Amino acid sequence: MGVALRKSAFSPNIRERADHSCAILDWSGRLIGQAEHIPVHIGSLPHGLKNTLAYLEKKGVEMSPGDMYVLNDPYIAGTHLNDITTIRPIFYRGELVAYVANKAHHVDVGGIDPSSISIRAETLLQEGIVIPPVKLMKENKIMEDVVDILRNNTRIPDITLGDLRAQIAANLIGEKKLLDLIDKVSLPVFREAVEQIIEKTNQLVRQEVSQLPWGRAVAEDFLELDDRDLVIKAEVEVGSHGFRVNFAGTDRQVNKPLNAVLGVTIAATTYTIRTLLGPDILLNEGFTETLSIHAPEGTLVNPVKPAPVAAGNLETSQRIVDTIYKALSEIIHDRIPAASTGSMNNLMMGGTHPETGRAWAFYETIGGGGGARPGMDGVDGIHCHMTNTLNTPIEVIEHYYPVLFMSYRFRDGSGGVGRWRGGMGIERSLKALAPLHVAVMGDRSRHRPWGLKGGGEGAPSEYLIKKANGTIIKLSSKDVATLNPGDTLIIRTAGGGGYGRIEK
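Numbering (the numbering used here), first residue to last: 34 to 537.
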């Protein structure tokens, strides 16, 4: 499914960066398996399906053979508006046997600024079109009126609709493969296999938990918003029950897009706990049953609609990971890494292309330094934790958009010192060849990535504009600006924290 989606997609964001995820869920909505594409999508697809089924049940609607649904409402689907979800119920001889679903980041879904992610947004509606669960296919035919609504609410309709059709195709391929499997083994065998996979995973997780140190610890970390520091607080407990994470004490939601909907908080927590376990543990309901999450309503980690949420998916998710790791470092002393770059370092651009006269929009995330860990230096220039996307090749960007790259290199010395040093951040800079709007959504420009066990902090991030006349303008970590021809945007991402004291 994932390969088909990526190879069929129109946008560089999906085709080159693989910013998408796919999952198979059983007849009751339990997760059977999810490809580990994008960690921020982990856990949000089953969360979104269950919310969708509840939404449809409330309206008295049942899914039928040949249906496919589409949605992006973050308070249902579980991430942000750019992530469009498609869901296909699978029927075998008239009986509902499973669901396939995928989620892909669409570069532009409307909103106040190109690429739909902007610190200027103060409500959800300023971030783009909000799509509740609606039927995208009926009796295996695409509902063109729904497609038309999306076409008229994006700056780049050809790209957006091309990506949507790739999502449709991926679900249909998943359906065919699953039905072929059921034909081969029989429906009773398929159902029994699902139960055994989930039960076996649960047993393996509990076996691994029994070998971990048990205990409880509390930690907090910060997100930057103007001159404010927003607090993410987590109490983490490891015990015979599995894992409990309580976010009581986290700051209240804000009227800026740093709020993380519950699906994002689930995804970030699921990812962090998953990294503690062996590589053979499957990601399904058997694993998630061992994880309990409490996120108080109305806070940064479980906001109330219509709070804006675009960067909660991007930045707050990263800080949730850091905070849980910091708490776990007090319980499990020999496995937890120092803080990584702590941001997806999001870059959004858009404008009118000087050669075609058509609107364009671009989105990417930029890697940074990985946190050092016991016995290993941090990885240099890597997409850390909740992103896991690939690099967008410079040649592809320059081919499609009116920019020229001036640098793409490691920031020498940006990793935190220690017995094992933190990974180096990245410098990535580009010159505008035409007027364009630019927005950055980053972090760790004030609060550096922390080290562990005596390791030093990573270097902070920097976001700069070098005007054509040589003047330097410093941007905040979350900012918007206009670039004129000859202006250069410079992004320097944070290095990772170091681990352990340097032995003399």
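Just so you know, even glycine gets a beta-carbon here, dropped at the ideal spot from N, CA and C. As the structure is a computational prediction, the values presented were derived from the model and not from experiment.
Among Gly401, Val130, Gly383, which one has its Cα closest to the Cα of Ala467?
Walking along the sequence shown from the start, residue 467 turns up at place 434. Checked all of Gly401, Val130, Gly383; the closest Cα to Ala467 is Gly383.
Please tell me whether Asp106 and Pro165 are closer than 8 Å, where the distance is taken between their beta carbons.
Your numbering for residue 106 matches position 73 in the sequence shown. Your numbering for residue 165 matches position 132 in the sequence shown. Taking 8 Å as the Cβ cut-off, Asp106 and Pro165 qualify as a contacting pair.
Decide yes or no for the touch test of the stretch 446-453 against the stretch 415-429: beta carbon pairs closer than 8 Å, at least 3 of them.
Contact between the stretch 446-453 and the stretch 415-429 is absent, because fewer than three Cβ pairs lie under 8 Å.
Can you tell me where the beta strand (DSSP E) with Gly503 in it begins and where it stops?
Counting from 1 along the sequence shown, the entry for residue 503 is found at position 470. From DSSP, Gly503 is part of no beta strand (DSSP E); its letter is neither H nor E.
Is the stretch 61-80 in contact with the stretch 234-249, if contact means three or more CB pairs nearer than 8 Å?
They do not touch, by the three-pair rule.
For the structure I just gave you, are there three or more beta carbon pairs, one from the stretch 282-298 and one from the stretch 312-321, closer than 8 Å?
Because the criterion of three Cβ pairs below 8 Å is not met, the stretch 282-298 and the stretch 312-321 do not touch.
How do the stretch 320-329 and the stretch 299-309 stand: do at least 3 beta-carbon pairs fall below 8 Å, yes or no?
Yes, they touch.
Out of Pro45, Asn46, His80, which one is the CA nearest neighbour of Glu322?
Taking the sequence shown and counting its residues from 1, one reaches residue 322 at position 289. Among Pro45, Asn46, His80, the Cα nearest to that of Glu322 belongs to His80.
Out of curiosity, what's the CA-to-CA distance linking Ala492 and Glu460?
The residue given as residue 492 occupies position 459 in the sequence shown. The residue given as residue 460 occupies position 427 in the sequence shown. Computed Cα separation, rounded: 12 Å.
What is the DSSP secondary structure of Asp262, counted as helix, strand or coil?
Along the sequence shown, one-based indexing puts residue 262 at 229. Here Asp262 sits in strand by DSSP.
Given a cut-off of 8 Å, decide if Thr193 and Asp116 are closer than it, judged by their beta-carbon atoms.
In the sequence shown, the residue the question calls residue 116 occupies position 83. In the sequence shown, the residue the question calls residue 193 occupies position 160. Contact flag unset, no.
Going along the chain, which residues of its own chain have a beta-carbon closer than 8 Å to the beta-carbon of Ile201, five neighbours each way excluded?
For the purposes of this step, residue 201 is taken as the residue at position 168 of the sequence shown. Once the five neighbours on either side are set aside, the close Cβ partners of Ile201 are Met101, Thr119, Leu169, Met170, Ile175.
Return the chain-ordered list of same chain residues with a C-beta closer than 6 Å to the C-beta of Leu64, the five sequence neighbours on each side being excluded.
Locating residue 64 in the sequence shown gives position 31, where the first residue counts as 1. Excluding residues within five positions, the ones whose Cβ falls inside 6 Å are Leu58, Pro79, Asn317, Glu318.
By the three-class DSSP mapping on this structure, what secondary structure does Leu309 have?
As a working note, residue 309 is residue 276 in the sequence shown. In this structure, Leu309 counts as coil in the three-state DSSP scheme.
What are the partner residues of Arg545, as DSSP defines its beta bridges?
Any answer about residue 545 is impossible in this case: the structure gives the chain only from 34 up to 537.
Within 10 angstroms of its Cβ, does Val538 collect 16 or more other Cβ (buried), or is it exposed?
Limits of the chain in this structure are 34 at one end and 537 at the other, which puts residue 538 out of reach.
Please return the same chain residues whose Cβ sits closer than 6 Å to the Cβ of Pro407, not counting the five positions on each side in sequence.
Residue 407 sits at position 374 when you count from the first residue of the sequence shown. Same-chain partners within the cutoff: Asp367.
Might you give, ordered along the chain, the residues of its own chain that have their beta carbon closer than 7 Å to the beta carbon of Leu86, omitting 5 neighbours on each side?
Within the sequence shown, numbered from 1, the residue matching residue 86 stands at position 53. Around Leu86: Gly62.
Three or more C-beta pairs closer than 8 Å, one from the stretch 362-382 and one from the stretch 480-495: is that the case here?
Yes, the stretch 362-382 is in contact with the stretch 480-495.
Please specify which runs of the alpha helix (DSSP H), each continuous and at least 4 residues long, are wholly inside the stretch 86-169, giving them in chain order.
Segments of the alpha helix (DSSP H) lying fully in the stretch 86-169: 107-110.
Helix, strand or coil: how does DSSP classify Ile65 here?
Numbered from 1 along the sequence shown, position 32 holds the residue referred to as residue 65. In this structure, Ile65 counts as strand in the three-state DSSP scheme.
What are the residues that DSSP puts in a beta bridge with Phe395?
As a first step, residue 395 must be located in the sequence shown, where it is residue number 362. Looking at the DSSP assignment, Phe395 forms a beta bridge with Met382.
Using a Cβ-Cβ cut-off of 8 Å (strictly less than) and excluding sequence neighbours within five positions of Leu38, which residues of its own chain qualify?
Counting from 1 along the sequence shown, the entry for residue 38 is found at position 5. Here the set comprises Ile47, His53, Cys55, Asn135, Ala137, Ala199, Gln200, Ala202, Ala203.
How would you write the range of the beta strand (DSSP E) that Lys511 sits in, first residue to last?
In the sequence shown, counting from the first residue as 1, residue 511 sits at position 478. 511-516 is the span of the beta strand (DSSP E), which, as asked, contains Lys511.
What is the DSSP secondary structure of Asp216, reduced to helix, strand or coil?
Position 183 of the sequence shown, counted from the start, is the residue given in the question as residue 216. Helix, per DSSP.
DSSP three-state label for Leu237, please.
Taking the first residue of the sequence shown as position 1, residue 237 is located at position 204. In this structure, Leu237 counts as helix in the three-state DSSP scheme.
Less than 8 Å between the C-beta atoms of Ala360 and Ala250, yes or no?
Residue mapping note: residue 360 aligns to position 327 of the sequence shown, counting from 1. Residue mapping note: residue 250 aligns to position 217 of the sequence shown, counting from 1. Yes.
Per DSSP, what are the beta-bridge partners of His418 in this structure?
For the purposes of this step, residue 418 is taken as the residue at position 385 of the sequence shown. None, per the DSSP bridge assignment.
By alpha-carbon positions, which one of Glu268, Ser243, His480, Phe255 ends up nearest to Arg352?
Translated into the one-based positions of the sequence shown, residue 352 becomes position 319. With distances taken between Cα atoms, Arg352 lies closest to Phe255.
Would you call the stretch 474-483 in contact with the stretch 435-447, where contact means no fewer than 3 C-beta pairs closer than 8 Å?
Judged by Cβ distances under 8 Å, the stretch 474-483 makes no contact with the stretch 435-447, as fewer than three pairs qualify.
Leaving out five residues on either side along the sequence, give the residues of the same chain with a beta carbon under 6 Å from the beta carbon of Pro246.
Counted from its first residue, the sequence shown places residue 246 at position 213. Closer than 6 Å at Cβ, skipping near neighbours: Ile364, Ile365.
Suppose contacts are defined by Cβ-Cβ distances below 8 Å. Is Glu160 in contact with Ala405 by that definition?
Counting from one through the sequence shown, the residue named residue 160 turns up at place 127. Counting from one through the sequence shown, the residue named residue 405 turns up at place 372. No, the pair does not count as a contact, with Cβ atoms beyond the cut-off.
Can you name the start and end residues of the alpha helix (DSSP H) that Leu180 belongs to?
Looking up residue 180 in the sequence shown gives position 147. The sequence given here has Val at residue 180, not Leu. Start and end: 177-184.
My output table needs one value for Glu388: the three-state DSSP class, helix, strand or coil.
Within the sequence shown, the letter at position 355 stands for residue 388. The answer is coil: DSSP assigns Glu388 none of H, G, I, E or B.
Which first and last residues belong to the alpha helix (DSSP H) in which Arg39 is found?
Counting from one through the sequence shown, the residue named residue 39 turns up at place 6. It spans 35-41 - the alpha helix (DSSP H) in which Arg39 sits, taken as one unbroken run.
Compare the C-alpha of Lys486 against each of Ser376, Arg534, Gln244 and name the closest.
For the purposes of this step, residue 486 is taken as the residue at position 453 of the sequence shown. The shortest C-alpha separation from Lys486 is found at Arg534.
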